[in-house]
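Notes for the one structure printed next.
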């Protein structure tokens with residue numbers, strides 16, 4: 001995954017897994033550097049069950065333990081559901097980049 005020009009190998013990042021009776025119901029990964037924590041990925045297999053919120057709480061707790069002053073993330077501006085989700089959890093939109101992803105539309109993931 002690429003964010004702000006940095007490549008993240010999600011399978012190598014620290015994170016938390018939400019389990020229910022041994023079955024994965026959600027996953028969050030993050031990267032901590034220079035006193036900041038970036039939430040790199042968040043996936044919840046069951047919506048509106050509080051799984052995503054609990055996973056975010058885990059990262060916020062870990063970031064606080066490690067002395068982070070800021071927790072941030074990136075989502076696309078067309079993902080209104082995600083934007084609302086993050087805003088309800090206290091995140092604020094600080095930048096909007098128009099047509100940013102258009103320059104990547106011809107790339108092929110191999």
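Numbering (UniProt numbering), first residue to last: 1 to 110. Yeah, the Cβ is synthetic: ideal placement off N, Cα and C, and Gly gets one too.
Tell me the DSSP secondary structure of residue i in three-state form.
i: residue 47; result: coil
i: residue 23; result: strand
i: residue 95; result: coil
Once the 5 residues before and after residue i are set aside, which same chain residues still bring their CB inside 7 Å of it?
i: residue 52; result: 26, 42, 44, 85
Using the Cα positions of residue i and residue j, report the straight-line distance between them to the nearest angstrom.
i: residue 59; j: residue 30; result: 7 Å
i: residue 92; j: residue 37; result: 15 Å
i: residue 13; j: residue 40; result: 9 Å
i: residue 76; j: residue 21; result: 33 Å
i: residue 66; j: residue 35; result: 8 Å
i: residue 50; j: residue 23; result: 16 Å
For the alpha helix (DSSP H) holding residue i, just list the boundary residues, first then last.
i: residue 80; result: 80-88
Quick check on the DSSP output: the beta strand (DSSP E) that includes residue i runs from which residue to which?
i: residue 73; result: 70-73
Check the Cβ-Cβ distances between residue i and every residue of chain C, and say whether any is below 7 Å.
i: residue 65; result: Among the chains in the structure shown there is no chain C, since it carries only a single protein chain.
Quick one: what's got a C-beta closer than 6 Å to residue i's C-beta in the same chain, skipping five residues either side?
i: residue 16; result: 28, 55, 58
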